[in-house]
Every structure is written in structure tokens, then in C-alpha cells.
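S.K.: Quick mapping for you: the protein sequence lines, in order, are chains A and B. Sequential numbering from 35 applies to the first sequence in the numbering used here. Sequential numbering from 69 applies to the second sequence in the numbering used here.
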Amino acid sequence: MERSKSRTKKLVKIGQQAVVFGAAVTVSLLLSMILVGYLDLDPISALSDIISGSFGNKNAIGETIVKMTPILLTGLSFTVAYQCGLTNLGMEGQLYMGALASTAVGSFLPGLPFAIHLPLAIFAGFLGGAFWGLIAGFLKVKSGASEIITTVMMNEIAINFVGFMVAGPMGEPTGLRTQTPAIMDTSRLPKILAGTRAHFGFLIALLCVVLIWQFFKRTKKGFEIRIAGHNSRAARYAGINLQKNILLVMAIAGGLAGLSGASEILGIQHMMLPIISPGYGFNGVAVSMIGMNTPIGNVFGALLFGALRAGGNRMQMKTRVPLQIVEIMQGLVIVTVVASNIVLDKWNEHKLKRLSVEDAKMKEGVA
Amino acid sequence: MFGILSIGGYLASIFRMATPILYASLGLLLLNNAGLRLIGCEGVMLMGSLVAVVGSYSFGNVWIGLLFAMVAGAVMGLIYAALTVSLRANQTVIGVAYNLLSGGLTAFLSRIIFRGTQTPKIDTFTPLKIPFVSKIPIVGEAFFTHQLLVYIAFAIVPVVSYFLYRTPTGLNLRSTGENPEAADTLGVDVYKIRYSATMVGCMLMAIGGAFLSTGLLRFFTEDMVAGRGFIAVAAVVFGKYRPRGTLLATLIFSAGSVVAHIFQAFGSTLSAGISYNLPVMIPYLLTIIVLTFTGKTNPPSALGEPYKKG
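(1) Could one say the Cβ of A:Pro356 lies closer than 7 Å to chain B's Cβ atoms, at least one of them?
(2) Listed in chain order, which residues of the segment 358-372 of chain A have Cβ atoms closer than 9 Å to some Cβ of chain B?
(3) Identify each residue in the segment 184-209 of chain A for which the Cβ-Cβ distance to at least one residue of chain B is less than 9 Å, and report them in chain order.
(4) So, is the C-beta of B:Ala175 closer than 7 Å to a C-beta in chain A?
(5) Per DSSP, A:Lys225 forms a beta bridge with which residues?
(6) If we cut at 7 Å on Cβ distances, does B:Thr318 have a partner in chain A?
(7) Kindly indicate which residue of B:Val130, B:Gly324, B:Ala149 and B:Phe288 has the alpha-carbon position closest to the one of B:Gly269.
(8) Report yes or no: is there a C-beta of chain B within less than 7 Å of the C-beta of A:Phe316?
(9) Mind checking A:Ser45: buried by the 16 CB within 10 Å criterion, or exposed?
(10) Is the beta carbon of A:Pro104 less than 7 Å from the beta carbon of A:Val243?
(11) Could you tell me the distance, in whole angstroms, from the CA atom of A:Ala155 to the CA atom of B:Leu104?
(12) Pull up the distance between the alpha-carbon of B:Pro374 and that of B:Val153, whole angstroms please.
(13) Report the three-state DSSP secondary structure of B:Asn167 (helix, strand or coil).
(14) Helix, strand or coil for A:His151, going by three-state DSSP, please let me know.
(15) Mind listing which residues of the segment 128-139 of chain A have their C-beta closer than 7 Å to chain B's C-betas, in chain order?
(16) According to DSSP, is A:His264 helix, strand or coil?
(17) Mark B:Glu61 as exposed unless 16 or more other C-beta atoms lie within 10 angstroms of its C-beta, in which case mark it buried.
(18) Quick check on B:Asp257: does DSSP put it in helix, strand or coil?
(19) Within its chain, find whatever has a CB closer than 8 Å to the CB of A:Gly229; leave out the 5 residues flanking it on each side and keep chain order.
(20) Return yes when the Cβ of A:Thr185 is within less than 7 Å of the Cβ of A:Leu173, no when it is not.
(21) Cβ closer than 9 Å: which chain E residues qualify as neighbours of B:Leu90?
(22) Kindly indicate the opening and closing residues of the alpha helix (DSSP H) around A:Ile84.
(23) Are B:Ser117 and B:Ile190 touching if we call contact CB-CB under 7 Å?
(24) For A:Asn275, count neighbouring Cβ atoms within 10 angstroms of its own Cβ and tell me buried if that reaches 16, exposed if not.
(25) Is B:Lys189 helix, strand or coil when you go by DSSP?
(26) Is any beta-carbon of chain A found at less than 7 Å from that of B:Val164?
(27) Chain B partners of A:Ser180, CB-CB under 9 Å?
(28) What did DSSP end up calling A:Gly313 once you bin it into helix, strand or coil?
(29) Helix, strand or coil for B:Thr337? Go by DSSP, reduced to three states.
(30) Just the C-alpha distance for A:Thr214 and A:Ile193, rounded to the nearest angstrom, thanks.
(31) Strictly under 7 Å for the Cβ-Cβ distance: is A:Ile411 near chain B by that measure?
(32) Leaving out five residues before and five after A:Ala179 in sequence, what residues of the same chain have Cβ atoms less than 6 Å from its Cβ?
(33) Work out the CA separation of B:Trp131 and A:Ser390 for me, nearest whole Å.
(34) For B:Ala157 and chain A, any beta-carbon pair shorter than 7 Å?
(35) Are B:Ser229 and B:Pro311 touching if we call contact CB-CB under 7 Å?
Below, the structure written as C-alpha cells:
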């Protein structure tokens, strides 16, 4: 009885959230289409370009998958840190370091069979990102430096470090353009949808979602981390080692963002370039917010923004609407979701108060 | 490589390059000391750059452009405060949204207003050579040949310092950053102070952005702030959340970027990566190293935490 009641409550809450998110996304979409109108372009055809470019045919669906893969992983990275009460803004840098590590394994380790080379390259990507995340975790533990600040700085360091490596030590020997040699065939992620660019990295990302979901739901460590995220004082009182958790969480979060870079290199680019991400890192924040900072929720966030990116590309080509519209929409979605969530909370609080007042009155009446 | 005469020129360009970052980091300093974070500094600066050009273009006067930028900054600050102070939204997340929004919106607006990717020629800030002293070799060129906004930026540092540590309002401001509950009990209006700090702070950031497009350059291009907002964030941490430390950090950082430019100018003999990427990392590497080896940076205790009144 009690159980089914709490389940209904949960469902109501999810329903409320869904309405709020739907409204927030719609409002953001409308506002940005008004902007398109000011450019003297046709908002209706822009909108239809977005839809046909993201779900219109097999190729469009493939592109949506391609675009949602990296942001699903960076979103998940943000979520993991968020569950522990940490704010990882370093997904971009971790992505670059993961990509660099994957490239190193993919390009410079010849003679390995596919079954060893590819997993090794993927794992290298995870390690590259984890290492970068761990630095911020270490600084937090050692000197109390806020990870919000350090991760942002580590982004800039990573991007420039990659630029340096690609132009110099890891650059193509013939060196006309700044890029590394292509990775070997044995380290490339296979395609999952014939005739499109959609690749195996998507399945890796989905696997990560399931693993992280189960990690938080079923394992003792995952529970500890969530407790620490909710109330660090209580966690410390319960004998949870916060510092160890911070290091672990930053390593996992960094590793996930690193995988995002790995999947871009091994699945799409096949070589390291000075710039490989159009802001997938910070997109992760929006993705995670849409997903209510839960692992499963990230899939929806990534689907939304992946579709917007894929459709946005088509829109830019056909209607000549600048791709920056995607950034505007992401910013608007974050603000509207956050604001409406707060309003929703206040409303629920208000309702709760009123109910308890009515409850008290009824009891009085009985007495 | 460069003659004795150009040393003054290099020094001068250090001060010029430092100016936008100095404005932004002083603005950030006010916010931080009132207990608020703003990752969106980059976005506020970018908006300032665009709006200043729009104002200068529409009225043919760069000062009106600056005024436009200040108003835009104040409005962005007001919205930020409404979301993070009154509604107690997550400051970091809203900050990220600010960066995303400004990046997209400025690109869009500049196309709507100027119908092209590059803005037309506009009225800009011109150097103000101070008579007599600007003639002194090296020193004259380094210190006395700048635009008015450069002098003002450096003059504001002691003002901010005096305000934060010597005036009652400044002390109240810092107390809301250290312990808002206690401040509230003592009758300090925490919300009012946080609102004002955010608005004035964002105004300063927007001035920094405005100087970028109407002082250092004479046009707006997409994403022209190029990480300076993040450098400002680093400068405040490096400067241990104090005005003088922040000034020092800003100067060290821009000396780094001037060195980077010198490298670039003589880059033909050096590999492309070394000439560009490594010097750009200097501010961030320095800050990370300082954090690693000097331990605590003494941020305000309540930094980034929302406060519920009453």
C-alpha cells in the first residue's frame, strides 16, 4: 500500500517534470525561431529542415546518432560528478586528452590484431580523460581549490597541449597540415548503420549509461557517493572517506569525457586535429540538466541536442541559418529548465503546506 | 631581436592587453567577494564587445558605445542575480548557459544588425598622449601613451581595494561572501548587496569586452573574447581574491601573452606549435602550479552557495 503510494508520487513527479521540460524546450525553440525571423529567413522552413535533417531519413538518423554520441558521454560525465556534489566543467579538456591518448595508441602501435588494438585504443581514451579529471580532483583534495575553476583552466591547457602535440611531436611527418597520421584500420570503430556515419561508439556510450546507472543504484560505493553529494557532513559522520570518493569520481567523470574523445577519433575523425570538438564539453552540462542529472535522463538530453546539431547542420546548408542557433537554444533550454524547476519546487512546497493546513483543520473538526 | 626603443612599446602593449582582463577580473572580484561565482564572465564580456560596437556605430560616438555596453552588462547582472540570488539557481549552470547564450546570440545579433559577419568601421578610443611625460624614452611610451580606459582600469584597482577593505559597504559586501547568515542577523541586506555586486561586477566585465572591440580593435568578430573571461577567472584565483593580487596576476598573464605574440612574430624560425600554443597556456599553468604548491587560495567561505533569507 505504502509502496504503491510512493510509486504514484514518483510517477506524478516525473509527469510534472516532463511537462516542464516540454514547455521549456518549446519556449526555447520558439524564441530562437523568432531570431531566425529577424534574419529575414523563414522560420518554418528552418524548423522543417531541423526535423528532416535529424529524423527525415536513414542518413539523417545516422547523423543524429553521430552527434548524440559525444554529448551523451560528456553529459554522463557531468552527471557522475554532480551526483557526488562536484561540478565538472572540464569535459572539453578531458575529451581532448582522451582523444589524444586514443590517437597515440591508434596511430603509433602497429602490428596489433583488431581484437586487441581497438579495445586498447578505447581504454587509452578513458585513461587520458581520467588522468585529466584526476588532476582537478587532486587539487581539490590537496588545497581545497574549487574543481569548478580548475577544470575550466585544465580545458584551456588541454586544448593548447593538443595543438602543440599535433603541430609538433605527433604531427604528420610530411607535415603540410597540422594533423597526426591517420589511425590504423585495426583501431577503428565499426559502423552500426550501413550507409551512414553512425558507429559503435554509440553503443559504448549506451553501455556506459547502463553501467553508471547500476553503479549508483546497486553498489555500496555508488550509494556512498550519492550520500556524500547530498550531505557531506552526514557522510563524514558516517565514516565515508570523502577525499577518496572525490578522486574516484573525478577519475570516472574524466574517463567518460575521455571516451567521448576516443569515440570521435576512432569512429569519425580517424586522426587528431587541433580542433575536434565544437563545444561538446560544455554541451554536456545542458544534456545532463535536461536529464535531471540522472544517468538515464542523459539519453533524452543527448537525443534532443544531437538531433538539433544534426538538423542544425542541414538548416545551415539549406536555409543559411547560422549554426550558432544551437548554442542559443542550449543556453535558453538550460535557463528555462532551471527556472521552471525552481518554480515547480516552490509550487509543490506551497501545495504541501496548504494540504497540511487543511489536514490539521480536518483533524480539529473531528475532535 | 628587438631594439631598446621597442621595449617601451612591448611594455605598453602589456598594459593594453591587460586592460580588458583587468576590468573583467575586478568585476569578478566584486561578485566573488559577495559570495557569487560567475563562469559566464566570458559571455558578459562578449556581449559587451558587441553592444559597444552597436552603440558606437549607431551614434558615431564610442562613449555612447561604452554606455550601451555598461547598460547591457548591468542587465545581464540583474538577470543573473534574479536567477541565482532570488531563485537560488545553480550558479555554475547558469554561468555556462550565459556563455552558450552569449556566444550564439552575439553571432546572431551582429548578423541581424550589420548584415554580414564583419562589422563596419566605427568610432573607437584613441590614445591619449599625456604631454611632456610621454616624451620620456621607454617610460613615456610604456606608461603615458594609452587610451583613457587603460588609465581608468589601473586607477580603479586602489579604489576597489579601498572600497572592499575600508568602507562599511565594502565590509558588508565581504561579510555576505564569508557568512551571509551572520551578516543577515546583523541587519545587512544580503540580497541587496548581492544584486548590486552582480550588476556592478557585470558592468565592469562588459567594459572589459567593450575595450576589446573599440579600444584594442575597431570591430566585432564572433567569439572575439577568446578565453579572456576564463583568464580573468584564473587571475582572481591567482590573486587570492584580493585586488592587488589580481592586478599582479593580470600583468603576469598579459606579459605571457605579449611574449606569445613576440614568438609569433618571429615564429618563422620556431615550430608553429611552440610559437603559439605553449605561451597561451602560461596563465593557466601558472595558476595550477600555484594551487598545487601554495595550498589554500582563501576564497570567500560562502562562495557559490545560495542563501535563503530569513
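Every residue gets a Cβ at the ideal spot worked out from N, C-alpha and C, and that includes glycine.
M.R.: If we stick to the structure as given:
(1) The residue labelled residue 356 of chain A in the question sits at position 322 within the first sequence. Yes, A:Pro356 counts as interfacial toward chain B.
(2) Gln358, Ile359, Val360, Glu361, Ile362, Met363, Gln364, Gly365, Leu366, Val367, Ile368, Val369 and Val372
(3) Thr184, Val186, Met187, Met188, Asn189, Glu190, Ile191, Ile193, Asn194, Phe195, Val196, Gly197, Phe198, Met199, Val200, Ala201, Gly202, Pro203 and Gly205
(4) Within the second sequence, numbered from 1, the residue matching residue 175 of chain B stands at position 107. With 7 Å as the cut-off, B:Ala175 counts as an interface residue toward chain A.
(5) Against the first sequence, residue 225 of chain A aligns to sequence position 191. Paired residue(s): A:His233.
(6) In the second sequence, residue 318 of chain B corresponds to position 250, counting from 1. So, not an interface residue.
(7) Taking the first residue of the second sequence as position 1, residue 269 of chain B is located at position 201. Checking every option, the nearest Cα to that of B:Gly269 belongs to B:Ala149.
(8) Numbered from 1 along the first sequence, position 282 holds the residue referred to as residue 316 of chain A. Taking Cβ atoms only, chain B reaches closer than 7 Å to A:Phe316, which makes this a yes.
(9) By one-based count along the first sequence, residue 45 of chain A stands at place 11. Note on residue identity: the sequence assigns Leu, not Ser, to residue 45 of chain A. The residue is exposed, with fewer than 16 neighbouring Cβ atoms inside 10 Å.
(10) Within the first sequence, the letter at position 70 stands for residue 104 of chain A. Within the first sequence, the letter at position 209 stands for residue 243 of chain A. Against a cut-off of 7 Å, the Cβ pair of A:Val243 and A:Pro104 comes out as no contact.
(11) As a position in the first sequence, residue 155 of chain A is number 121, starting the count at 1. As a position in the second sequence, residue 104 of chain B is number 36, starting the count at 1. Rounded to the nearest angstrom, the two C-alpha atoms are 41 Å apart.
(12) The count along the second sequence starts at 1 and reaches residue 374 of chain B at position 306. The count along the second sequence starts at 1 and reaches residue 153 of chain B at position 85. Taking the straight line joining both Cα atoms gives about 7 Å.
(13) Here residue 167 of chain B refers to the residue found at position 99 when the second sequence is read from its first residue. Helix, per DSSP.
(14) For the purposes of this step, residue 151 of chain A is taken as residue 117 along the first sequence, with counting starting at 1. Here A:His151 sits in helix by DSSP.
(15) none
(16) Locating residue 264 of chain A in the first sequence gives position 230, where the first residue counts as 1. A:His264 falls in the helix class under three-state DSSP.
(17) Outside the shown range of chain B, which is 69 to 378, sits residue 61 of chain B, and nothing can be said about it.
(18) By one-based count along the second sequence, residue 257 of chain B stands at place 189. It is coil, neither helix nor strand.
(19) Translated into the one-based positions of the first sequence, residue 229 of chain A becomes position 195. Excluding sequence neighbours, A:Gly229 sits near Lys92, Asn93 and Gly96.
(20) For this step, residue 173 of chain A is matched to residue 139 along the first sequence. For this step, residue 185 of chain A is matched to residue 151 along the first sequence. For A:Leu173 and A:Thr185, no; Cβs fall outside 7 Å.
(21) Looking at the structure shown, chain E is missing, and the protein chains on hand are A and B.
(22) Numbered from 1 along the first sequence, position 50 holds the residue referred to as residue 84 of chain A. A:Ile84 -> alpha helix (DSSP H) spans Pro77 to Phe89.
(23) Taking the second sequence and counting its residues from 1, one reaches residue 117 of chain B at position 49. Taking the second sequence and counting its residues from 1, one reaches residue 190 of chain B at position 122. Taking 7 Å as the Cβ cut-off, B:Ser117 and B:Ile190 do not qualify as a contacting pair.
(24) Residue 275 of chain A sits at position 241 when you count from the first residue of the first sequence. Answer is exposed; the Cβ neighbour count stays below 16.
(25) By one-based count along the second sequence, residue 189 of chain B stands at place 121. Coil.
(26) For this step, residue 164 of chain B is matched to residue 96 along the second sequence. Taking Cβ atoms only, chain A reaches closer than 7 Å to B:Val164, which makes this a yes.
(27) Counting from 1 along the first sequence, the entry for residue 180 of chain A is found at position 146. By Cβ distance, chain B contributes Arg105, Val305, Thr365, Pro367, Leu371 and Gly372.
(28) Residue mapping note: residue 313 of chain A aligns to position 279 of the first sequence, counting from 1. A:Gly313 falls in the coil class under three-state DSSP.
(29) What you label residue 337 of chain B is simply residue 269 of the second sequence in a count that begins at 1. With a pLDDT of only 46 at B:Thr337, under the threshold of 50, the placement of this residue in the model should not be trusted; the figure read from the coordinates follows. DSSP places B:Thr337 in helix when its eight states are reduced to three.
(30) Position 180 of the first sequence, counted from the start, is the residue given in the question as residue 214 of chain A. Position 159 of the first sequence, counted from the start, is the residue given in the question as residue 193 of chain A. About 15 Å.
(31) The question about residue 411 of chain A has no answer here: the residues shown for chain A are numbered 35 through 401.
(32) Your numbering for residue 179 of chain A matches position 145 in the first sequence. Same-chain partners within the cutoff: Leu173.
(33) Taking the first residue of the first sequence as position 1, residue 390 of chain A is located at position 356. Taking the first residue of the second sequence as position 1, residue 131 of chain B is located at position 63. Between A:Ser390 and B:Trp131, the C-alpha separation is close to 58 Å.
(34) Translated into positions along the second sequence, residue 157 of chain B becomes position 89. With 7 Å as the cut-off, B:Ala157 counts as an interface residue toward chain A.
(35) Working through the second sequence from its first residue, we reach residue 229 of chain B at position 161. Working through the second sequence from its first residue, we reach residue 311 of chain B at position 243. Yes. Within cutoff.
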